[in-house]
Each structure stands twice: as C-alpha cells, then as structure tokens.
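Residues 715 to 850 (this note's numbering) are what the sequence shown spells out, left to right. Please read the structure below before turning to the comments.
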Amino acid sequence: MAHEHPDDVDWVTAQSKCNAASIFARLQTGVMQDVERRNSLRRPDDDLLFEFHDEEETFEVTRGNGRGQVSAAVKFERAGRRIHVEGEDIDVDFTAVVTLDVTGACRLVVGEAMYSEWEIRRMALEVLFFEDDVSD
C-alpha cells in the first residue's frame, strides 16, 4: 500500500510557521545543546573542547584544544529560505532548503532528500565531534 497522505492539511497555517528564520533559531538552540552534550562526554585525558559562537545571521561550532588553538569549525548561515552549512578544515558543505512535507510538517531538503532538524545537526556536526583530530 502506498504512503497515506492526509487530504485536509492546513498548509497555509503550516507554511506560515515553517520559515527559515524560525528553523534557523531552532537549529541554533539545538546546536548549542549538542555542544554542551558533547563537551560533557569528554574524558579526563581529552583536550578537545567544542565552543559555540554566534553572530546575527550566522553561528558556528569550533573544535579546539582549550588553549585557543582551533583545528576545525562548522558554520551555519541563513540566506532567504536556505541554510548553508560549511566546514573549515573539515569535509562538511551542504545547503538545506526549508519546506513542508506531504503531511504538512516542516522539513529541510538537501539535494532530493528531506530531513528533520536533528538530522541536519548530525550531518553538520558528526565529523567535527567524533572524527579524530588529525592536525595534532
């Protein structure tokens, strides 16, 4: 049987709440929490430190050694309905477009695939958080 799609989605109200500004703000809050969680998992002998930095239309997460030396960063930037995620010294680069899915839920599209907010955060931060730092 094919996927069931509701016939009576209030897409106008859903679309009014599904905008890049609100999604970007929720991503920012989620990323701050992700950074706190990742730092809480540090081992005593681990000198990696992750920091969150924000500006007006951008925010970023850096991976450093806690002594001011940054080895990699991931930057989030909003432009219209698009949210661009780009790594510095790390292989992360994609653009997500805010849209409604067939059920009226707000999602982010990268290429031809739809993702939820936590999946976008994982796509952006997983390598930064968990790949060994090869610059040492």
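Where is the CB? At the ideal position from N, CA and C, for every residue including glycine.
Annotation: the continuous beta strand (DSSP E) that includes G778 extends over 772 to 778.
Only exposed fits L755, as fewer than 16 other CB atoms lie within 10 angstroms of its CB. Within the DSSP bridge table, the entry for V816 names no partner.
Beta-bridge analysis with DSSP links I834 to no other residue.
Secondary structure of R792 (DSSP, three-state): strand.
Burial is judged here by how many other beta carbons sit within 10 angstroms of a residue's own beta carbon; V788 has at least 16 and is buried. Taking C-beta atoms under 8 Å as the contact rule, G801 and A786 qualify, at a distance of about 7 Å. Secondary structure at R781: coil, using DSSP grouped into helix, strand and coil.
Residues of the same chain with a CB within less than 8 Å of the CB of A728, apart from the 5 flanking positions on each side, are L814, G818, A819, C820 in chain order.
Scanning its chain for C-beta atoms nearer than 8 Å, with the 5 sequence neighbours on each side dropped, one finds around D803 the residues S785, A786, A787, S849, in chain order. According to the DSSP assignment, E750 belongs to the alpha helix (DSSP H) that extends over 734 to 754.
Between W725 and the set D768, F766, V816, the nearest pair of CA atoms involves V816.
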